[in-house]
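Each protein sequence line maps, in turn, to chains A and B.
Just so it is clear: in the first sequence, position 58 is 58 by the working numbering, and no numbers are missing.
Just so it is clear: in the second sequence, position 176 is 176 by the working numbering, and no numbers are missing.
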Amino acid sequence: MSRCEIKKVGSEYMFDGTIDESFATVVNEIKPEPVLKFNFKNLKSINSTGIREWIKLMQKLSASSIELYECPKPFIDQANMVQGFIPANARVMSFYVPYYNEDNETEKKVLLVYGQHYTEGKLNPLPPVNDDQGAPMELDVIESKYFKFIKG
Amino acid sequence: MSESTPPDTTTESYLTPRKDLYEIFGQPSLSLKKKKKIIEALDEIDGFDLVFIIGLILETGLTGALNIISEENEISGINFFEGSITHIDLPDKETYFGNLLLQEGLVKKVDLDRAIKQNEMQMGQFLISQNILTVQQISSVVLLQMRLRLSKLISSKKFQLNFVEAATTNSLIKISLIEYFDLCHDWITGRFDADWFNYHFLPWEKKIIKYNDQLEFQDKIFAKPLFTNLPGLKEALKKSTSIYELKKKYADNRLMLLKAIHFLSITALVSFSEEQTTTATESNKLELLYLNLKSKKDDELIKAFSLITKIKEGNTEAIYVEFLRILEIDFNEKELVYKNELTKIALQFLTKAHQQQQQTKVTSKVNKKNDSEIQNILKTVQMDLFSNNFYEAFVVLKKLYEGNEFGQKVKLFLIWAKIGQALKSKVKVNIKALEDELVSVLPEDKESAEYFYVCALFGKLKNDKRIMQINYEKAVKKNKMYQVYPVEEDTLLSKFKKALGVT
Numbered sequence: 001m002s003r004c005e006i007k008k009v010g011s012e013y014m015f016d017g018t019i020d021e022s023f024a025t026v027v028n029e030i031k032p033e034p035v036l037k038f039n040f041k042n043l044k045s046i047n048s049t050g051i052r053e054w055i056k057l058m059q060k061l062s063a064s065s066i067e068l069y070e071c072p073k074p075f076i077d078q079a080n081m082v083q084g085f086i087p088a089n090a091r092v093m094s095f096y097v098p099y100y101n102e103d104n105e106t107e108k109k110v111l112l113v114y115g116q117h118y119t120e121g122k123l124n125p126l127p128p129v130n131d132d133q134g135a136p137m138e139l140d141v142i143e144s145k146y147f148k149f150i151k152g
Numbered sequence: 001m002s003e004s005t006p007p008d009t010t011t012e013s014y015l016t017p018r019k020d021l022y023e024i025f026g027q028p029s030l031s032l033k034k035k036k037k038i039i040e041a042l043d044e045i046d047g048f049d050l051v052f053i054i055g056l057i058l059e060t061g062l063t064g065a066l067n068i069i070s071e072e073n074e075i076s077g078i079n080f081f082e083g084s085i086t087h088i089d090l091p092d093k094e095t096y097f098g099n100l101l102l103q104e105g106l107v108k109k110v111d112l113d114r115a116i117k118q119n120e121m122q123m124g125q126f127l128i129s130q131n132i133l134t135v136q137q138i139s140s141v142v143l144l145q146m147r148l149r150l151s152k153l154i155s156s157k158k159f160q161l162n163f164v165e166a167a168t169t170n171s172l173i174k175i176s177l178i179e180y181f182d183l184c185h186d187w188i189t190g191r192f193d194a195d196w197f198n199y200h201f202l203p204w205e206k207k208i209i210k211y212n213d214q215l216e217f218q219d220k221i222f223a224k225p226l227f228t229n230l231p232g233l234k235e236a237l238k239k240s241t242s243i244y245e246l247k248k249k250y251a252d253n254r255l256m257l258l259k260a261i262h263f264l265s266i267t268a269l270v271s272f273s274e275e276q277t278t279t280a281t282e283s284n285k286l287e288l289l290y291l292n293l294k295s296k297k298d299d300e301l302i303k304a305f306s307l308i309t310k311i312k313e314g315n316t317e318a319i320y321v322e323f324l325r326i327l328e329i330d331f332n333e334k335e336l337v338y339k340n341e342l343t344k345i346a347l348q349f350l351t352k353a354h355q356q357q358q359q360t361k362v363t364s365k366v367n368k369k370n371d372s373e374i375q376n377i378l379k380t381v382q383m384d385l386f387s388n389n390f391y392e393a394f395v396v397l398k399k400l401y402e403g404n405e406f407g408q409k410v411k412l413f414l415i416w417a418k419i420g421q422a423l424k425s426k427v428k429v430n431i432k433a434l435e436d437e438l439v440s441v442l443p444e445d446k447e448s449a450e451y452f453y454v455c456a457l458f459g460k461l462k463n464d465k466r467i468m469q470i471n472y473e474k475a476v477k478k479n480k481m482y483q484v485y486p487v488e489e490d491t492l493l494s495k496f497k498k499a500l501g502v503t
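Structure representation (structure tokens):
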């Protein structure tokens with residue numbers, strides 16, 4: 001999957017693939033509603049054109065309340081660097097934190113949930129994470145950079 | 001679970017992420033994951049650092065997108081595919097594909113408008129289908145666009161970036177690592193400034209330089225103009241030397257030396273070890289810093305502090321605090337005297353920077369020439385240059401150059417005036433110095449007809465008929481106007497005419 005596909009499943013819009021130059025053509029499927037739920041579980045990446053298109057979409061949906069679920073690292077990286085990427089009317093409801101074990105080179109993504117692991121401006125201490133063999137895993141992001149968006 | 005606020009990023013390390021980045025080629029066993037982590041750890045970088053980062057991504061063969069976010073929240077990006085650059089995304093009208101086609105004289109406005117209006121296929125495909133352009137012509141303009149756009153990113157502007165690995169598509173038109181090195185050469189010679197180099201190399205000044213003689217392309221790299229006036233550099237680098245020692249060896253050409261070392265570090269031909277040279281076992285970073293700063297004038301001092309701390313000018317307090325922190329990090333008992341002196345200089349910086357900020361508010365609107373004013377001045381200057389009024393042109397250009405209006409061919413025209421005056425007056429000039437200046441022309445100006453014309457004049461000055469002819473032909477190919485201003489060898493008849501004052 002390279003280009004982005006958007007499907008509405010129940011009340012959620014599921015984003016699949018890459019947010020890039022093709023995004024402009026697929027976002028027309030999203031109609032403004034009072035509350036919009038976007039799920040990024042299957043989002044693979046986002047490039048610079050995609051970032052600009054995403055910001056345009058956010059501007060278009062400024063009257064809706066937007067909830068962002070299962071945001072992967074590429075999405076959070078942009079949220080931390082680009083102004084307007086997560087506007088005031090949007091909130092990250094859950095996001096993935098990558099963990100890594102250097103000894104056996106295994107990776108794991110842990111989902112942090114709003115209200116449970118973090119709230120507005122506050123991050124609770126991160127839970128300990130072990131791999132399938134029970135060995136402790138290390139955080140695989142730069143802590144001070146990755147959680148910056150929580151500060152708002 | 002107890003609650004805590006996320007860590008504050010403003011207290012993160014001085015130089016360390018950048019230092020890790022620039023030491024990456026000194027650790028050949030570093031895993032790909034660690035290399036990616038080093039890129040991820042970078043906070044704010046400047047456009048000059050991008051040159052190294054792009055090179056690193058190419059060398060590691062990663063596939064994905066480098067997203068680049070400027071202080072003004074402008075978003076640009078570079079796509080990579082297995083060690084090649086395949087696309088540059090820059091919101092810049094000057095380098096729009098259509099504009100470049102017009103500039104290169106490849107399409108007429110009417111055809112371009114037709115191509116824009118239709119929406120059945122991409123512009124390039126349409127122009128090919130109409131037999132207006134060939135595939136080769138399209139390819140050459142796409143490559144030109146990529147080069148120009150990359151060049152625009154290379155500046156002292158501050159950026160944040162992130163690399164997203166992704167299955168981006170390959171492209172037939174791409175910039176390979178070796179082609180990228182050619183661009184790096186031009187940027188380093190033409191765009192980087194002296195202060196950047198002085199402070200950039202401070203952490204490694206006395207570290208032993210490691211030379212990697214396993215790389216196949218080394219002869220090609222050392223054949224570049226940057227090395228012309230640095231004889232014996234390759235051999236010197238193989239003898240466990242340091243920048244400190246090389247600076248002594250090439251005392252009359254230090255800036256070129258630093259540029260050359262930086263270029264070589266991008267190609268991974270050189271890296272720095274943790275060891276210091278035997279003549280310099282004691283750490284004396286503060287002494288070096290003091291020697292660099294002690295005689296700086298106000299403006300230079302403000303710029304230098306920004307470069308040392310990697311914090312943008314204007315953030316005076318943040319720069320001041322960061323500088324004091326640097327003094328603590330690099331401090332050893334033997335350097336107490338330099339620490340004290342540097343603290344005084346820091347206070348001097350604080351005062352001057354505040355004064356300058358006040359003055360800037362008042363004068364910036366009055367003094368700064370806008371782009372169209374500079375363009376008009378340059379048009380007049382070019383007429384002077386064509387009319388052999390080199391001295392008059394030189395005076396105007398020098399003033400522009402000293403006012404930091406570097407862009408828009410100012411530097412190139414300045415060299416033109418110097419060469420023209422030398423040809424006109426027959427006075428002996430320093431060819432080597434002129435050659436270095438010509439190498440340092442802005443990369444984007446090196447694509448212009450004017451550049452080739454000046455190179456032709458330089459060929460004439462050097463009595464090198466081949467260089468003169470090749471470059472003159474290139475200038476005419478780029479712009480037919482140059483047919484009216486031929487560059488030819490002086491014949492007996494022309495010399496006689498000149499003596500009589502007949503043109």
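In this text, a Cβ means the ideal position worked out from N, Cα and C, and glycines have one as well.
DSSP, reduced to helix, strand and coil, places D131(A) outside both helices and strands of the structure shown, so it counts as coil. In this model, K41(A) and F95(A) are separated by some 9 Å (Cα to Cα). With a minimum length of 3 residues, the unbroken runs of beta strand (DSSP E) contained wholly in the segment 213 to 296 of chain B fall at 270 to 276. Taking a contact to require three or more Cβ pairs closer than 8 Å, the segment 61 to 73 of chain B and the segment 154 to 167 of chain B qualify as touching. The residues E44, D46, E71, K312, in chain order, have a CB closer than 6 Å to that of K158(B) in the same chain once the five nearest residues on each side in sequence are set aside.
Rounded to the nearest angstrom, the gap between the Cα atoms of Y320(B) and D298(B) is 15 Å.
The beta-carbon of G64(B) is placed less than 8 Å from the nearest beta-carbon of chain A. Taking a contact to require three or more Cβ pairs closer than 8 Å, the segment 289 to 298 of chain B and the segment 248 to 267 of chain B do not qualify as touching.
The way I'd put it, the segment 97 to 115 of chain A does touch the segment 132 to 144 of chain A; three or more beta-carbon pairs between them come closer than 8 Å. Residue-level contact by beta carbon fails for E235(B) and chain A, as no gap is shorter than 8 Å. F163(B) is bridged by DSSP to L66(B). By the 16-neighbour rule on beta-carbons within 10 angstroms, S48(A) is buried. Counting only residues of its own chain and dropping the five nearest sequence neighbours on each side, K108(A) has a CB closer than 7 Å to the CB of Y99, V129, D131, M137. Residue range 12 to 19 is occupied by the beta strand (DSSP E) that includes E12(A). Per DSSP, H87(B) is one residue of the beta strand (DSSP E) stretching across 84 to 89.
Going by DSSP, F25(B) is part of no beta strand (DSSP E) at all; its letter is neither H nor E. Contact of A166(B) with chain A by beta-carbon distance below 9 Å involves S2, T18, D20, K44, S45, I46, N47, P74. Nearest neighbour of W54(A) by Cα position, chosen from E21(A), P32(A), Y69(A), turns out to be E21(A). A residue is called buried when at least 16 other Cβ atoms come within 10 angstroms of its Cβ; E328(B) does not meet this threshold and is exposed. Spatial neighbours of L21(B) in its own chain (CB-CB distance under 6 Å, excluding positions within 5 residues in sequence) are listed in chain order as I38.
Between the beta-carbon of F386(B) and that of Y485(B) there is about 6 Å, and that keeps the pair under the 8 Å contact cut. The shortest C-alpha to C-alpha distance from S11(A) to any of L68(A), L43(A), M58(A), F23(A) is the one to L68(A). Two segments are said to touch when three or more pairs of C-beta atoms, one from each, lie closer than 8 Å; by this definition the segment 201 to 219 of chain B does not touch the segment 102 to 116 of chain B. Interface criterion met: the Cβ of R52(A) is under 8 Å from a Cβ in chain B. With contacts defined as CB atoms closer than 8 Å, F458(B) and K424(B) fail to qualify as a contacting pair.
R147(B) is positioned such that its CB atom lies no closer than 8 Å to that of L442(B). Annotation for P28(B): no residue places its beta carbon closer than 8 Å to its own, counting only its chain and skipping 5 residues before and after.
Per the DSSP secondary-structure output, R91(A) pairs in a beta bridge with E67(A).
Pairing L233(B) with L42(B) gives a Cβ-Cβ distance that is not under 8 Å. A direct Cα-to-Cα measurement between K206(B) and F181(B) gives close to 26 Å. In this structure, I374(B) sits near L400(B), with a CB-CB distance shorter than 8 Å. When secondary structure is reduced to three states using DSSP, E300(B) falls in the helix class. Looking at the backbone, the Cα of V439(B) and that of N430(B) are separated by about 15 Å. Under the three-state reduction of DSSP, F85(A) is assigned to coil, being neither helix nor strand.
8 Å or more divides the Cβ of F48(B) from the Cβ of S176(B). By the beta-carbon neighbour count (other beta carbons within 10 angstroms, threshold 16), Y250(B) is buried.
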